[in-house]
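Just below is one structure, and these are the notes that go with it.
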């Protein structure tokens with residue numbers, strides 16, 4: 001029989017050899033992660049690096065010339081970009097907040113078993129299944145001045161309609177309504193999952209303490225949903241910046257740049273004006289804003305403990 005002490009010298013002898021090969025245990029994980037890392041490098045990291053390169057260079061007839069931060073200076077001096085930045089900020093606030101509030105209301109009303117609730121969940125989720133271009137075409141018939149469904153029903157009530165997509169004061173609100181209608185059901189699914197993950201013990205303890213519906217919502221449900229809202233909030237912010245198909249269909253950035261969002265501005269600079277440097281600079285600024293807002297949202301979702 002081999003004594004336990006007899007294995008100690010062998011282990012000590014293997015120790016320095018293992019220390020001299022720190023990458024020996026990483027061979028299998030790297031092999032398994034290799035395909036994913038290759039795809040990330042080709043389709044994520046390389047495009048980001050190329051955008052940063054383009055943002056600091058200018059393409060001329062003589063070739064590529066390094067210009068440093070000149071593209072960013074020209075970008076922030078462009079009134080059209082300033083308008084697009086403001087429009088996107090208003091659009092983000094106008095879509096994220098109402099969408100999350102409606103999603104929470106839907107989730108609270110439809111949380112639980114039952115055929116009616118299951119049917120209503122499917123109805124509220126149905127707009128998510130419609131492509132954004134098709135949804136924009138549908139809303140185009142609603143917003144048509146004079147003959148659209150909205151103006152038709154307003155006329156039956158004796159009210160005057162409006163040029164919903166042609167009025168600079170109303171156009172951004174019109175596409176905001178479309179976005180809220182399209183995304184609220186999608187966010188509802190995440191909040192439903194968060195509601196079902198709340199322990200029953202917390203709800204029962206609140207009932208035993210005599211807490212009413214509003215008190216249970218404020219002190220039990222909403223704190224438990226904080227990580228869910230942080231995750232959904234990040235998705236909503238990404239959608240507010242990356243969803244631009246409806247702008248192409250409904251307004252094409254007009255009227256008077258009232259609905260020109262950041263992504264539409266980037267497309268316009270790259271595909272119509274062939275200014276790759278300014279388009280890349282706008283892309284870098286947009287990515288930086290998204291990264292900052294995402295980090296802020298995720299840090300606040302952890303509550304006071306995250307700051308310690």
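In UniProt numbering, the protein residues as written are 1 to 308.
All residues carry an ideal CB built from backbone N, CA and C; glycine is no exception.
Determine the DSSP secondary structure at residue 65, reduced to helix, strand or coil.
Position 65 of the chain shown, counted from the first residue, corresponds to residue 65. It is a strand residue.
At 4 residues or longer, and completely inside the stretch 104-131: list those alpha helix (DSSP H) runs for me, N to C.
115-129
Would you check if there are 3 or more beta carbon pairs closer than 8 Å linking the stretch 191-200 to the stretch 99-108?
yes
When DSSP labels each residue in this structure, what does residue 56 get in the three-state scheme?
If you number the chain shown from 1, residue 56 lands on position 56. Residue state, collapsed to three classes: coil.
Using only alpha-carbon positions, find the residue among 281, 290 and 291 that is nearest to residue 50.
Against the chain shown, residue 50 aligns to sequence position 50. Considering only alpha carbons, the answer is 281.
Contact between the stretch 136-148 and the stretch 57-66 is defined here as three or more beta-carbon pairs at a separation below 8 Å; is this criterion met?
no
C-alpha gap between residue 352 and residue 258, whole angstroms
This structure gives no information on residue 352, because the portion of the chain shown stretches from 1 to 308.
For residue 133, which residues in the same chain have their Cβ closer than 7 Å to its Cβ, ignoring the five residues on either side in sequence?
As a first step, residue 133 is located in the chain shown; it is residue number 133 there, counting from the start. Here the set comprises 245 and 249.
Can you tell me whether residue 115 is buried or exposed, with buried defined as 16 or more other CB within 10 angstroms of its CB?
As a first step, residue 115 must be located in the chain shown, where it is residue number 115. Under this definition residue 115 is an exposed residue.
Rounded straight-line distance, which links the Cα of residue 100 to that of residue 31
What you label residue 31 is simply residue 31 of the chain shown in a count that begins at 1. What you label residue 100 is simply residue 100 of the chain shown in a count that begins at 1. Distance between the alpha carbons of residue 31 and residue 100 is about 41 Å.
Can you give me the start and stop residues for the alpha helix (DSSP H) that residue 181 sits inside?
Numbered from its first residue, the chain shown carries residue 181 at position 181. Residues 171-196.
Less than 8 Å separating the beta-carbons of residue 255 and residue 112?
For this step, residue 255 is matched to residue 255 along the chain shown. For this step, residue 112 is matched to residue 112 along the chain shown. Contact flag unset, no.
Assign residue 370 to one of three DSSP states: helix, strand, or coil.
Shown here, the chain extends from 1 to 308; a query on residue 370 therefore has no answer.
Thinking C-alpha only, which one of 120, 263, 274 and 179 is nearest residue 285?
In the chain shown, the residue the question calls residue 285 occupies position 285. Selected option, being the one with the closest Cα: 263.
Same chain, Cβ closer than 8 Å to residue 172, five either side skipped, listed in chain order
Residue mapping note: residue 172 aligns to position 172 of the chain shown, counting from 1. So the list reads 87, 90, 91, 94, 258 and 259, once near-sequence residues are dropped.
Determine, using beta carbons only, whether residue 211 and residue 54 come nearer to each other than 8 Å.
In the chain shown, residue 211 corresponds to position 211, counting from 1. In the chain shown, residue 54 corresponds to position 54, counting from 1. No, the pair does not count as a contact, with Cβ atoms beyond the cut-off.
Alpha carbon to alpha carbon, what distance is there between residue 157 and residue 294?
Taking the first residue of the chain shown as 1, we reach residue 294 at position 294. Taking the first residue of the chain shown as 1, we reach residue 157 at position 157. Cα-Cα distance, rounded: 45 Å.
Would you mind giving the Cβ-Cβ distance between residue 184 and residue 103, rounded to the nearest angstrom? I have them listed as a contact below 8 Å.
In the chain shown, the residue the question calls residue 184 occupies position 184. In the chain shown, the residue the question calls residue 103 occupies position 103. Rounded, the Cβ-Cβ distance is 5 Å, consistent with contact.
For residue 298 and residue 234, believed in contact at Cβ under 8 Å, the rounded distance
Translated into the one-based positions of the chain shown, residue 234 becomes position 234. Translated into the one-based positions of the chain shown, residue 298 becomes position 298. Confirmed, Cβ separation roughly 7 Å.
Express the C-alpha separation of residue 174 and residue 35 in angstroms, rounding to a whole number.
Within the chain shown, the letter at position 35 stands for residue 35. Within the chain shown, the letter at position 174 stands for residue 174. Residue 35 and residue 174: Cα-Cα distance of roughly 44 Å.
So what does DSSP say about residue 273, is it helix, strand or coil?
If you number the chain shown from 1, residue 273 lands on position 273. Residue 273: coil per DSSP, three-state reduction.
Residue environment, residue 273, which counts as buried when at least 16 other CB atoms sit within 10 Å
Translated into positions along the chain shown, residue 273 becomes position 273. The residue in question, residue 273, is exposed, as its Cβ has fewer than 16 Cβ neighbours within 10 Å.
In chain order, what residues of the same chain have a beta carbon less than 7 Å from the beta carbon of residue 241, not counting five sequence neighbours either side?
As a working note, residue 241 is residue 241 in the chain shown. Answer for residue 241: 88, 262, 263, 286 and 290, listed in chain order.
Quick one: what's got a C-beta closer than 6 Å to residue 98's C-beta in the same chain, skipping five residues either side?
As a working mapping, residue 98 is identified with position 98 in the chain shown. Taken in chain order, the residues that qualify are 180.
Would you mind reading off the limits of the alpha helix (DSSP H) that contains residue 34?
Mapped onto the chain shown, residue 34 falls at position 34. Where residue 34 is concerned, the enclosing alpha helix (DSSP H) stretches over 27-40.
Around the C-beta of residue 296, are 16 or more other C-beta atoms found within 10 angstroms, so that it is buried, or is it exposed?
Walking along the chain shown from the start, residue 296 turns up at place 296. So residue 296 ends up on the exposed side.
Would you tell me roughly how many angstroms separate the C-alpha atoms of residue 140 and residue 121, rounded to the nearest one?
If you number the chain shown from 1, residue 140 lands on position 140. If you number the chain shown from 1, residue 121 lands on position 121. Looking at the two C-alpha atoms, the distance is approximately 26 Å.
Chain-order list of residues whose beta-carbon lies under 7 Å from that of residue 247 (same chain, five-residue window excluded)
The residue given as residue 247 occupies position 247 in the chain shown. Excluding sequence neighbours, residue 247 sits near 175, 253, 259, 261 and 264.
Taking 8 Å as the threshold (C-beta atoms), are residue 123 and residue 187 in contact?
Taking the chain shown and counting its residues from 1, the one referred to as residue 187 is at position 187. Taking the chain shown and counting its residues from 1, the one referred to as residue 123 is at position 123. For residue 187 and residue 123, no; Cβs fall outside 8 Å.
Check this for me: beta carbons of residue 266 and residue 251, under 8 Å apart or not?
For the purposes of this step, residue 266 is taken as residue 266 along the chain shown, with counting starting at 1. For the purposes of this step, residue 251 is taken as residue 251 along the chain shown, with counting starting at 1. Result no, Cβ atoms of residue 266 and residue 251 do not sit closer than 8 Å.
Can you have a look at residue 96 and say buried or exposed, based on whether 16 or more other CB atoms are within 10 angstroms of its CB?
In the chain shown, the residue the question calls residue 96 occupies position 96. By the neighbour-count rule (16 or more Cβ atoms within 10 Å), residue 96 is buried.
Please state the DSSP three-state secondary structure of residue 151.
In the chain shown, residue 151 corresponds to position 151, counting from 1. Residue 151 falls in the helix class under three-state DSSP.
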